[in-house]
Structure formats: C-alpha cells, structure tokens
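Enquirer:
Residue numbers (this note's numbering), protein chains in the order written: chain A, 1 to 159; chain B, 1001 to 1221.
1) Quick one: list the residues of chain A neighbouring residue 1046/B, beta-carbon separation under 8 Å, in chain order.
2) Using only the alpha-carbon positions, how far apart do residue 1044/B and residue 54/A sit?
3) Listing by chain order, which chain A residues have their CB less than 9 Å from the CB of residue 1056/B?
4) Out of 1078/B, 1170/B and 1151/B, which one is the CA nearest neighbour of residue 1185/B?
5) With 8 Å as the C-beta to C-beta threshold (strictly closer), list the residues of the segment 1022-1040 of chain B near chain A in chain order.
6) Under the rule that 16 or more other beta-carbon atoms within 10 Å means buried, what is residue 1040/B, buried or exposed?
7) What residues from chain A crowd round residue 1049/B, counting only those whose CB sits closer than 8 Å?
8) What first and last residue would you give for the alpha helix (DSSP H) that runs through residue 23/A?
9) Please report the distance separating the alpha-carbon of residue 1088/B from that of residue 1179/B.
10) Within its chain, find whatever has a CB closer than 8 Å to the CB of residue 47/A; leave out the 5 residues flanking it on each side and keep chain order.
11) Is the beta carbon of residue 1117/B closer than 8 Å to that of residue 1133/B?
12) With a threshold of 8 Å on Cβ separation, who are the neighbours of residue 1058/B within its own chain once the five nearest residues in sequence on each side are excluded?
13) Please check if any C-beta of chain A sits within less than 8 Å of the C-beta of residue 1079/B.
14) Is residue 1155/B close to chain A? Criterion is C-beta to C-beta, closer than 8 Å.
15) Go ahead and label residue 1176/B buried or exposed: buried means 16 or more other beta carbons lie within 10 angstroms of its beta carbon, across all protein chains shown.
16) To the nearest angstrom, how far is the alpha carbon of residue 66/A from that of residue 1099/B?
17) Along chain B, in chain order, which residues have C-beta atoms closer than 7 Å to that of residue 160/A?
18) Can you name the residues of chain B whose CB is closer than 9 Å to the CB of residue 37/A?
19) Which class does residue 1054/B belong to by DSSP, given the choice of helix, strand or coil?
20) Could you tell me which whole beta strand (DSSP E) segments of length 3 or greater appear in the segment 1057-1126 of chain B?
21) Taking buried to mean at least 16 other C-beta atoms within 10 Å of its own C-beta, is residue 1114/B buried or exposed?
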C-alpha cells in the first residue's frame, strides 16, 4: 500500500525561543497557540507568560515585598524591609536599606547586575525612593531603570 | 513493586516517597525539560511561589493521608477512640478512659473536730459511679475550727487516688514444697481490668523454736 506524505501538513516543533526568561503571569489568563486550520483541533491553551523584562521585574518585586519566612520552602528569601518601619527616616537607615538590597539581589537574582543604586529619603514624606539602574547580560545587556517607593504602606514600583 | 502507570517515569506508589522539597525539585526538573517556563529556577518568580504552594500543600495532605492510614490498624493507631473502635471489631469492649493516678484537693468540713485522722488503705470513693481508691494509709490533721472549710494541703499533695477498687485474695497456706506455685483464680464479671497490687502481697513464714524442749511456733512476715 502506498503512503502519501504531505509535508505542508507537518507541524514543526518550536525550536527557536523568542525569549530568555519566562515566568507565569498571576492574572492566570489563557493564551492560545496559533496552528494552521487543519490542526485547529490541536490548539493548545496555556497560561499567559511574563517574558524577559517582565519576568525579572516580577522577581525583583517579590524580593522587595517578601519578609523572610513568608516563602514556604525557602525561609531565607526576602529583604525584610519591614524591619525599618519604626526606625527614623535618615541617611544611615537609607544606607542600611541599600546594603540589604545589594545583598538580596546578589543572592537571589543572579540574572541581573545593579549598575547603580540610590536610596533617597524624605523626612517630610517619611519615605525612601529607591532607584536602581539594572542590566541583564543574558538579554543582550538589556538595561532599564526601576524606581520604587518604600514607605509605611510598603514597597511599590513607580514605573 | 508497583509498576509505572504513567509517563513521568515514576512508579505509581512513589508519591509516598516525596516531601515538599523533593516534590518542588521534581516539578522544577520537569519544567526545565520543557521550554515554556524558565523562571522556576529563580526563587523570586511567580511560578516559584506557585510551585512552593503546590509542594507544601502536597506535603501537608500526604501527612494527613499517612496519619489517617496509620489510624486504621491496631498496631499503628495512636488515638484512643480509634483503638477502641478497632478492638470492638473483635469483640473486645474497652472500659473507657482509666486514669493511672488521680491527684485531688481535700477540704475538711468545719464540723470535723480538730484531730489527726487516718484513712485506711484500700478505702474508696465513688464519684459519678466511678470508684477511686487509696492504696496506702492516708493521714491528715485537722488543725483549725470555726466557720469555713480547711484546705488539707499536705494531705492533698502527698496522696493520690487510683481508679478502681481493691479486693483481698483469700489466704493461702503453703504446703511446704520447694518452689511452690500459687495459681490465682481471678473472676472479673464486669470485664474490667484487674491489677494485682504486688507490693502488698504479704507472705508469712511459720517458724518453730524450742524452749526447754517445748516447741513454740510463731508467724513472721
């Protein structure tokens, strides 16, 4: 019996990824693969991902907003910035915060390099403004700046 | 050994060998073999947090599965109610909770005259149908009189009660054979536990001495 192979129907596996880092997006919305019409019934639904810059941003925010002990299987993870809640807002505490950030990022976020870190403080607003210039060697030295505010309400990214 | 029934290269009973950390490592390993996610390797990522929750929940559920499974057999059950239920299946009816010792607080009634009193050993109280006994002589002294009851602190601190009542076994006279064995016949009509108070088994030996060729016998404890 003769076999007929129609190569145009062959679904090529995805071999060249268009991203370096991929994290799940906590919105947990569905994404769809795009298949040709013939293989439409094999359409794969999967969760939407955060890629590269967004994935790294997720990790940094997690690091800043986690208190050690909160992550169930790694009780050392987190910066514990909440410990400065009842401390005065001044230059010394800002320097301590900068040290904590440097140590935390070096330990838990090896993908990035912090080229510049500035922790500014405002005694009037009772808050610190944290500015980080970051580069990611594995994504073609992708460089970006993150600016966040640390106050008695917690840590929030401004950009 | 159970055979593999899936495409995860795991035996079907391997689930029992995982704890939270080893399951987390397995999930990360399997995600690494697939190109969709990469950030499972970084502790700060969202997917790492989700993996932690799944692995920890798995670990907790497995703990309870193990606990409940262990409670279903007599040799591994630890909770009294479960042991009770299991042994009832073979016709054994436990009498319920039985205290080893029962500390108590004793107060003397104001009408009780000032004096020293001794409650003989094996005296008992019945509280809500449950009998509690002393196994030694218990002595207390009433020192005050007047209104109000007196707390007998020494008496309360130095004595305990035991659940159950004592019965004296009939006297047995030895025949004099070496290594004579007494087989005690115990009747337990209420199917209660019988505990032999072996510290209070009294053995008397009859000795005979002669004074002026006259035999004089006496019993010594």
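The beta carbon of each residue, even a glycine, is placed where N, CA and C say it ideally should be.
Expert: Well, looking at it:
1) 23, 24, 25, 26, 50, 58 and 62
2) 12 Å
3) 72 and 73
4) 1170/B
5) 1024, 1035, 1036, 1037, 1038 and 1039
6) Under this definition residue 1040/B is a buried residue.
7) 62 and 71
8) That residue, residue 23/A, is in no alpha helix (DSSP H); its beta strand (DSSP E) goes 22-24.
9) 40 Å
10) 24, 25, 28, 29, 30 and 31
11) no
12) 1018, 1020 and 1023, listed in sequence order.
13) Taking Cβ atoms only, chain A never reaches closer than 8 Å to residue 1079/B, which makes this a no.
14) no
15) Exposed: under 16 other Cβ atoms inside 10 Å.
16) 49 Å
17) As shown, chain A starts at 1 and ends at 159. That puts residue 160/A outside it, with no answer to give.
18) Near residue 37/A there are no residues of chain B at all, since even the closest Cβ is about 24 Å away, more than 9 Å.
19) helix
20) Runs of the beta strand (DSSP E) inside the segment 1057-1126 of chain B: 1115-1119.
21) exposed
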